[in-house]
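Asker: Submitted below is the structure of interest, expressed as structure tokens.
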Amino acid sequence: MPPSNLKASFAGAFGARFFSSFQKSRDHSPCRRNSRRPRFSMVLVAHNAGSDIGRFLESILAQDSSIKDLELIIVDGASTDSTPQILADYASLYQTLIRVVRQERLGDVAARNKGLGIACGKWVSFPDPGDILDAAYMRHCRRAVKSRYKRPLLAVCTNALLYSTDKDEVIDKHPLRFRFKERQSTVTTSDMKRHFQLSGKTVWLDRLAIEKHGLRFEGQGWAGFEEALFINRLFLLEARRSVTFLREARTYCSRSDAGNSFAIDGALGKSYYLDMLDKGTLELIRLSESIYGYVPKFIQRVVLFPITHVVRRVLDNPDVVRQVLDPEELREMVRLLKDNLRYVDPDVIENFPWAGMNVRLSIGILAYFKSARRKRSAVYLKGQTASKRDFTFSWHCGASEDYRPDALINGERIEFVARKVQTLRFLDAPFCTIHETTIELGEADEIAFSFDAEAADIRSGARKIGASVARAELVEANIIPAPSEAALEAQPNLRRLRQLIISDDMRRIYQGCWVLMDHVNRADDNAEHLYRHLMGEPHLADRLWFVLQRDCADWERLDKEGFRLLDYASDEHVCALYNADLFVSSHLDEIVLSPFPQSFFLDLARYKFVFLRHGVAKDDMSRWMNSKSVDAIVSSSFKEFHSIASPDSPYKFTEREVVLTGFPRHDRLLKMGREASQTSLLIMPTWRNSLDPQTLGQLEDEGDAAVKRDRFRKSEFFRHWSTFLSDPRLLDLANERGLRVVFVPHPKIVPYIDEFSIPDGVTMFNVCEGAGYQDLFAECTLLVTDYSSVAFDVAYLMRPVVYFQFDKEAVFGGQHTYRTGFFQYERDGFGPVVESADDLFAEMQQILDGDLDPAYRQRAEAFFEFRDGRCCERVQQVLENLTATMHQEEQKDGVLDQLKQA
0 MPPSNLKASF
10 AGAFGARFFS
20 SFQKSRDHSP
30 CRRNSRRPRF
40 SMVLVAHNAG
50 SDIGRFLESI
60 LAQDSSIKDL
70 ELIIVDGAST
80 DSTPQILADY
90 ASLYQTLIRV
100 VRQERLGDVA
110 ARNKGLGIAC
120 GKWVSFPDPG
130 DILDAAYMRH
140 CRRAVKSRYK
150 RPLLAVCTNA
160 LLYSTDKDEV
170 IDKHPLRFRF
180 KERQSTVTTS
190 DMKRHFQLSG
200 KTVWLDRLAI
210 EKHGLRFEGQ
220 GWAGFEEALF
230 INRLFLLEAR
240 RSVTFLREAR
250 TYCSRSDAGN
260 SFAIDGALGK
270 SYYLDMLDKG
280 TLELIRLSES
290 IYGYVPKFIQ
300 RVVLFPITHV
310 VRRVLDNPDV
320 VRQVLDPEEL
330 REMVRLLKDN
340 LRYVDPDVIE
350 NFPWAGMNVR
360 LSIGILAYFK
370 SARRKRSAVY
380 LKGQTASKRD
390 FTFSWHCGAS
400 EDYRPDALIN
410 GERIEFVARK
420 VQTLRFLDAP
430 FCTIHETTIE
440 LGEADEIAFS
450 FDAEAADIRS
460 GARKIGASVA
470 RAELVEANII
480 PAPSEAALEA
490 QPNLRRLRQL
500 IISDDMRRIY
510 QGCWVLMDHV
520 NRADDNAEHL
530 YRHLMGEPHL
540 ADRLWFVLQR
550 DCADWERLDK
560 EGFRLLDYAS
570 DEHVCALYNA
580 DLFVSSHLDE
590 IVLSPFPQSF
600 FLDLARYKFV
610 FLRHGVAKDD
620 MSRWMNSKSV
630 DAIVSSSFKE
640 FHSIASPDSP
650 YKFTEREVVL
660 TGFPRHDRLL
670 KMGREASQTS
680 LLIMPTWRNS
690 LDPQTLGQLE
700 DEGDAAVKRD
710 RFRKSEFFRH
720 WSTFLSDPRL
730 LDLANERGLR
740 VVFVPHPKIV
750 PYIDEFSIPD
760 GVTMFNVCEG
770 AGYQDLFAEC
780 TLLVTDYSSV
790 AFDVAYLMRP
800 VVYFQFDKEA
810 VFGGQHTYRT
820 GFFQYERDGF
830 GPVVESADDL
840 FAEMQQILDG
850 DLDPAYRQRA
860 EAFFEFRDGR
870 CCERVQQVLE
880 NLTATMHQEE
890 QKDGVLDQLK
900 QA
């Protein structure tokens, strides 16, 4: 249903607008509780759901048919927000509809079982408070349960769609939407075909059948598999009964896990990695065998769903899993995975209908756990170079396998070399390898691949291009399509911006420009220093623009210096960006790449993106960076360059994209360091992701500043750094040597700065107010940090560092963004690593007394490739080479177009 129609069906309802415009139906006016047994029972668990629950309840009341045969049992698990009052208000108005039950906070499983024990209806469902029901939802469900079926009806499965609150639109992209191709389709529990059901929110189950078998929800901390276990145990126990799927009975889920019970957010414990795989998935397998003597395909798909999530979690961040499970438990997890997958057929894995089961995962699971090879091999088009003659292709091998396709151009076999091999590891063993090669194609060439003499599909992502593909088709496959008319209709401001971008006025001003940027509200990084250098080049000065938020501390400073500034997210910013030859930034965050959804503008983009980097890539950030499209990446040292560009690195990038130039900001830093007096003892801790409430989901109300502050105050991070800063030994140590103590909190620490008891002798710099990092580095004689990359800038000046890592076990275990990269602090660091305050003071005193181990100085001296003040020049040359290649190819394309027209 289009968004406009959807809003109409809710009387223009989503969000706050819903409540102001909804008119209550006479069917739902307050009255005494109806003594007649209901036909439908909804069991809803509501714990601190004050922001969502009212919207869900209004969608019930907005049904276009009577709901007198519905009861809504809401189990409130000791909510501490506005939920109890909201429920009390609705329950008093709609006594025949709503029954509120309160119990201790025992978890969703116990709450659902409580509600299920109270339910009276023939049919029971388990929606979430974040759901919104379509106005015709109950009408379609009622019609379905009244219909006649060849076998008695056991379940009615309804359709889940995602409602994007940001875009105010409905997105129908659920991976299991194939179940709803027809308006209504019916299967039996003995023959589910390709269908399977996971979520309790999108199913009505026969409650009497549930009671007959004494079924209840089981498991805790299984990321939603508790629902799938409950539903599919019933399906197995009730053989040869009908299960119907209703397309028009829609639930709009306002969270990213729409229709997917397996929302893996926050910390997961041992129960998820061990109990779920034993008492959950294997329990279903055991039950299947006891009833059927084998495991039906639909149960294979059900158990494969959480297994893929477990495997992905281990692949994405093994350190997190190692923090939860000891070595023996890790071996037990692997054994349980193998035991489960022994019952899952290879074709089920290969054809699993979930977007998360990508080719890497399916090939790896088959090879690692089943010693099998994927039957349908494919070669993937990854992109083309600026020349539009060289095309990059990739293929996948499982575990330690090593096979490659034959390549044929115009039917003739050619030789080629794999220029990049990425290895994905499952714990310590190879899981999957991704091989890449670049092949040059002429204007009239056609290319094909084959594995073991069988033709391979050439694909672009999930889309099949063909088996034998002409160069022109490959070029076309790389073309980014314009957004649809429907999408633009829903976003009139973005439609206006698109028209403005291609207008003559904007093209006259910005076409071919270079746009530079550090961050939204902060400069003083590589982009600023590179811009300042480029300003001195007469042939470039008129092409340069710098993006920054107008109200930030750096705007006035750069404006006075003559920077040509664009206000972030302004019309001018967007028009410059999408008419530029180059976009050059020290950051790669989405908010930097575009102030608006990129999908609305990428078809207009012609720029090459150059990633200057904010800091040295000491940690493995391949998972994040590999998802980005980058044309050039600046590196500062050979070790860093090799860690990204080497053929066997986890990054997708090669020597074609990664350049060894040094950081632009280091030119000025070097000069300042030579001129400045070393007068300060610098303290710069970094942030911890574990301190972000949204990271671990530990705060129900993100707006509760008092709770956030209290949580920060009780953290190990605050305790250690606050104790260190207030320790009298710090000022004594500094005063004895005539040094200032300078504390520079991470920007995310600044809101909590008044929690610290900072002595009068300690100077605090708030970089959010425009304080310059380089001045601080140039004047410091010693840096105390924990994991911050600022240690590299200080080491660039050959100044010593002490790493205060009191929580390194937790940090390296997954509570921060770290995945171990090429840099190890004990082996490669520029100073000692300590875990206690006493050791920290001892090392500081020894260093300030001139007794630093010379090995640390040697490491710092050897790490950086360039200390010649010419880093900006080298980056400039990279930029000019990129634009020269662009323009040469544009000219060639223009000549070819003219020849074709002639």
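Numbering-wise, numbering that gives the first Met the number 0 puts 640 at position 641 of the sequence shown, and it's gapless, one number per residue. Note that the Cβ used here is the ideal one computed from N, Cα and C, for glycine as well.
1) Put Asp558 into one of helix, strand or coil per three-state DSSP.
2) Using the three-state DSSP reduction, which class does His395 fall into: helix, strand or coil?
3) For Asp205, does the count of other Cβ atoms within 10 angstroms reach 16, so buried, or fall short, so exposed?
4) Check whether the region 372-379 and the region 308-318 are in contact - that is, three or more C-beta pairs closer than 8 Å.
5) Starting from Asp205, trace the beta strand (DSSP E) both ways and give me its first and last residue.
6) For Cys140, report the span of its alpha helix (DSSP H) as first-last.
7) With a CB to CB cut of under 6 Å and the five nearest residues on each side skipped, what residues in its chain are close to Tyr509?
8) Among residues of its own chain, excluding the 5 on either side of Arg239, which ones have a beta-carbon nearer than 6 Å to its beta-carbon?
9) Which residue spans inside the region 361-429 form an unbroken beta strand (DSSP E) run of at least 3?
10) So, under 8 Å CB-CB, Gln845 and Leu732 are touching, yes? Tell me the CB distance rounded to an integer number of Å.
11) Drop a sphere of 10 angstroms on the beta-carbon of Trp623, count the other beta-carbons inside from all chains shown, and report buried for 16 or more, exposed for fewer.
12) Taking the beta carbon of Arg147 as the centre, do at least 16 other beta carbons fall within 10 Å, making it buried, or is it exposed?
13) Report buried or exposed for Ser585, applying the criterion of at least 16 other Cβ atoms within 10 angstroms of its Cβ.
14) Which value, in whole angstroms, describes the spacing of the CA atoms of Pro594 and Asp570?
15) Give me whichever residues DSSP pairs with Cys431 in a beta bridge.
16) If you count every other CB in all the chains shown that lies within 10 Å of the CB of Ile230, and 16 or more means buried, which is it?
17) If you reduce the DSSP assignment to three classes, tell me which class Asp63 lands in.
18) Nearest-angstrom Cα distance between Arg902 and Leu603?
19) Just to confirm the assignment, what range does the beta strand (DSSP E) spanning Gly76 have?
20) Let me know if Phe55 comes out buried or exposed under the rule of 16 or more other beta-carbons within 10 Å of its beta-carbon.
21) Count the other CB atoms within 10 Å of the CB of Val416; is the residue buried (16 or more) or exposed (fewer)?
22) Using alpha carbons as the reference points, say which of Val783, Arg798 and Tyr567 lies closest to Asp838.
23) Should Ile479 go down as buried or exposed, given a rule of 16 or more other Cβ atoms within 10 Å for buried?
24) Using only the alpha-carbon positions, how far apart do Ala87 and Val99 sit?
25) Are the region 393-408 and the region 485-495 touching, with three or more C-beta to C-beta distances below 8 Å?
26) Assign Ala110 to buried or exposed, taking buried as 16 or more other Cβ atoms, counted over all protein chains shown, within 10 Å of its Cβ.
27) With Gln183 as the anchor, note down where its alpha helix (DSSP H) starts and where it stops.
28) Could you check which residue in Asp503, Arg470 and Val629 has the C-alpha nearest to that of Ala443?
29) On the DSSP letters alone, give me the boundaries of the alpha helix (DSSP H) that Asp838 sits inside.
30) If distances are taken between C-alpha atoms only, which option among Ile757, Phe791 and Val761 comes closest to Tyr772?
31) With the cut-off set at 9 Å, would you say Gly268 and Gly220 are in Cβ contact?
32) With distances taken Cα to Cα, identify the nearest neighbour of His518 among Ala568, Val615, Arg193 and Asp852.
33) Taking the alpha-carbon positions, what's the Leu919 to Arg710 distance?
34) Quick check on DSSP: helix, strand or coil for His719?
35) Run the CB neighbour count on Ile348, radius 10 Å, all protein chains shown included, and call it buried at 16 or more, exposed below.
36) Starting from Ile438, follow its DSSP beta bridges and name the residues at the other end.
Answerer: Looking at the atomic coordinates:
1) Counted from its first residue, the sequence shown places residue 558 at position 559. Per DSSP, reduced to three states, the secondary structure at Asp558 is helical.
2) Along the sequence shown, read from residue 1 onward, the residue named residue 395 stands at position 396. His395: strand per DSSP, three-state reduction.
3) Counted from its first residue, the sequence shown places residue 205 at position 206. Using a 10 angstroms sphere on the CB of Asp205, the tally of other CB atoms reaches 16 or more, which defines it as buried.
4) no
5) For the purposes of this step, residue 205 is identified with residue 206 of the sequence shown, where counting begins at 1. Note, Asp205: beta strand (DSSP E), Val202 to Asp205.
6) Along the sequence shown, read from residue 1 onward, the residue named residue 140 stands at position 141. Going by DSSP, Cys140 is part of the alpha helix (DSSP H) stretching over Tyr136 to Lys145.
7) To locate residue 509, count along the sequence shown from 1; it is residue 510. Counting only residues of its own chain and dropping the five nearest sequence neighbours on each side, Tyr509 has a CB closer than 6 Å to the CB of Cys574, Ala575 and Asn578.
8) Within the sequence shown, numbered from 1, the residue matching residue 239 stands at position 240. Counting only Cβ-Cβ distances below 6 Å, and skipping sequence neighbours, we find Arg150, Thr187 and Ser189.
9) 377-383, 389-397, 405-408, 411-413 and 419-425
10) As a first step, residue 845 must be located in the sequence shown, where it is residue number 846. As a first step, residue 732 must be located in the sequence shown, where it is residue number 733. Not a contact, Cβ separation roughly 11 Å.
11) Along the sequence shown, read from residue 1 onward, the residue named residue 623 stands at position 624. Exposed, since its Cβ has fewer than 16 Cβ neighbours within 10 Å.
12) As a position in the sequence shown, residue 147 is number 148, starting the count at 1. With fewer than 16 Cβ atoms within 10 Å of its Cβ, Arg147 is classed as exposed.
13) As a position in the sequence shown, residue 585 is number 586, starting the count at 1. That one is buried.
14) To locate residue 594, count along the sequence shown from 1; it is residue 595. To locate residue 570, count along the sequence shown from 1; it is residue 571. Cα to Cα, the separation comes out at about 10 Å.
15) Translated into positions along the sequence shown, residue 431 becomes position 432. BP columns for Cys431 point to Gly397 and Leu423.
16) The residue given as residue 230 occupies position 231 in the sequence shown. Buried: at least 16 other Cβ atoms inside 10 Å.
17) The residue labelled residue 63 in the question sits at position 64 within the sequence shown. Reduced to three states, the DSSP call for Asp63 is coil.
18) Residue 902 lies beyond the stretch modelled for the chain, which goes from 0 to 901, so this question has no answer here.
19) Start at 1 with the first residue of the sequence shown, and residue 76 comes out as number 77. Start and end: Leu69 to Gly76.
20) Along the sequence shown, read from residue 1 onward, the residue named residue 55 stands at position 56. When all chains shown are included, Phe55 counts as buried.
21) Numbered from 1 along the sequence shown, position 417 holds the residue referred to as residue 416. That one is exposed.
22) Against the sequence shown, residue 838 aligns to sequence position 839. Ranking the options by Cα distance to Asp838, first place goes to Val783.
23) As a first step, residue 479 is located in the sequence shown; it is residue number 480 there, counting from the start. The residue in question, Ile479, is exposed, as its Cβ has fewer than 16 Cβ neighbours within 10 Å.
24) As a working mapping, residue 87 is identified with position 88 in the sequence shown. As a working mapping, residue 99 is identified with position 100 in the sequence shown. One C-alpha to the other measures close to 8 Å.
25) Counting C-beta pairs with one atom in each stretch, the region 393-408 and the region 485-495 have fewer than three that are closer than 8 Å, which means they do not touch.
26) Here residue 110 refers to the residue found at position 111 of the sequence shown. So Ala110 counts as buried.
27) Stepping through the sequence shown from its first residue, residue 183 is reached at position 184. It is not in any alpha helix (DSSP H) - Gln183 instead sits in the beta strand (DSSP E) that spans Gln183 to Thr187.
28) In the sequence shown, counting from the first residue as 1, residue 443 sits at position 444. Answer by Cα proximity: Arg470.
29) The residue labelled residue 838 in the question sits at position 839 within the sequence shown. For Asp838, the enclosing alpha helix (DSSP H) starts and ends at Ala836 to Leu847.
30) For the purposes of this step, residue 772 is taken as residue 773 along the sequence shown, with counting starting at 1. Comparing alpha carbon positions, the residue from Ile757, Phe791 and Val761 closest to Tyr772 is Phe791.
31) The residue labelled residue 268 in the question sits at position 269 within the sequence shown. The residue labelled residue 220 in the question sits at position 221 within the sequence shown. Against a cut-off of 9 Å, the Cβ pair of Gly220 and Gly268 comes out as a contact.
32) Taking the sequence shown and counting its residues from 1, the one referred to as residue 518 is at position 519. It is Ala568 whose Cα lies nearest to the Cα of His518.
33) Past the boundaries of the shown model lies residue 919; the chain is included only from 0 to 901, so the question cannot be answered.
34) Taking the first residue of the sequence shown as 1, we reach residue 719 at position 720. His719 falls in the helix class under three-state DSSP.
35) Taking the first residue of the sequence shown as position 1, residue 348 is located at position 349. Buried.
36) By one-based count along the sequence shown, residue 438 stands at place 439. Note: Ile438 sits in a beta bridge opposite Phe390.
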